[in-house]
Amino acid sequence: SIPDFGNSVLKRVKSLVESWYHIRKSKALILRLAALTVLEFLFSAAMFYVAVASFSKSASFVSLFLPTCLSDYSFIFRFTPGSFGVYEGAVIYSLSILGMTVNQGLAAVSILRIFSLSEILVLGPISFYLLNHLLLFGEKQGRIKTEKGKTATPAVSE
């Protein structure tokens with residue numbers, strides 16, 4: 005068991021470590037997360053395919069796995085909000101390996117950014133509604149069961 009800390013930063017670290025141990029114990033959760041990660045990767049590759057196909061550059065779906073990987077990893081290096089510039093550089097570089105010009109890479113990046121913005125505008129309100137609905141009406145009685153079997157009232161006010 006992890007000792008109890010008085011410092012708020014240490015409490016957050018303790019919460020992070022406890023959550024990690026909880027995730028590691030749940031094989032079903034790990035499988036679901038892995039499946040969602042693969043699904044997200046395939047969706048990103050499909051977005052790249054549509055973006056490249058929009059200016060009639062023939063590229064196979066599998067060949068676009070490289071730009072997908074590099075663009076996903078570009079979000080690790082967040083020097084600016086939204087990884088603006090780093091993301092574009094990673095996409096342009098990876099598409100240039102596939103034989104596309106810088107202008108075609110910029111066009112693909114623009115299309116991908118529009119896709120991303122569209123996802124946020126469409127799925128954002130839906131997620132907000134669903135999450136608030138689940139928090140407010142947790143167990144059909146406005147209560148949510150905790151891990152130890154107790155019930156707790158959500159902190160969200162109506």
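With this note's numbering applied, the sequence shown covers 5 to 162. Think of the CB as a built atom: it goes at the ideal place given N, C-alpha and C, for glycine as much as any other residue. Predicted model only: the values in this text are computed from it and were never measured.
What does the alpha-carbon distance come out to for the pair residue 49 and residue 112? If I take the Cα positions, the gap works out to 12 Å.
On the criterion of 16 or more Cβ atoms from any shown chain inside 10 Å, does residue 95 qualify as buried, or is it exposed? It counts as buried.
Is the Cβ-Cβ distance between residue 98 and residue 116 less than 8 Å? In this structure, residue 116 does not lie closer than 8 Å to residue 98 by Cβ.
Span separating the alpha-carbon of residue 126 from that of residue 134: Computed Cα separation, rounded: 13 Å.
Excluding the five sequence neighbours on either side, which residues of its own chain have a C-beta within less than 6 Å of the C-beta of residue 92, listed in chain order? Within the same chain, residue 92 has close Cβ partners 113.
Looking at residue 111 and the ligand MG, is the gap between the Cβ and the nearest heavy atom below 7 Å? Among the components modelled here there is no ligand, and therefore nothing to report on the ligand MG.
Under a three-way DSSP split, which group does residue 75 fall into? Note: residue 75 maps to helix in three-state DSSP.
Through-space distance from residue 64 to residue 34, alpha-carbon basis: When only Cα atoms are considered, residue 34 and residue 64 end up about 31 Å apart.
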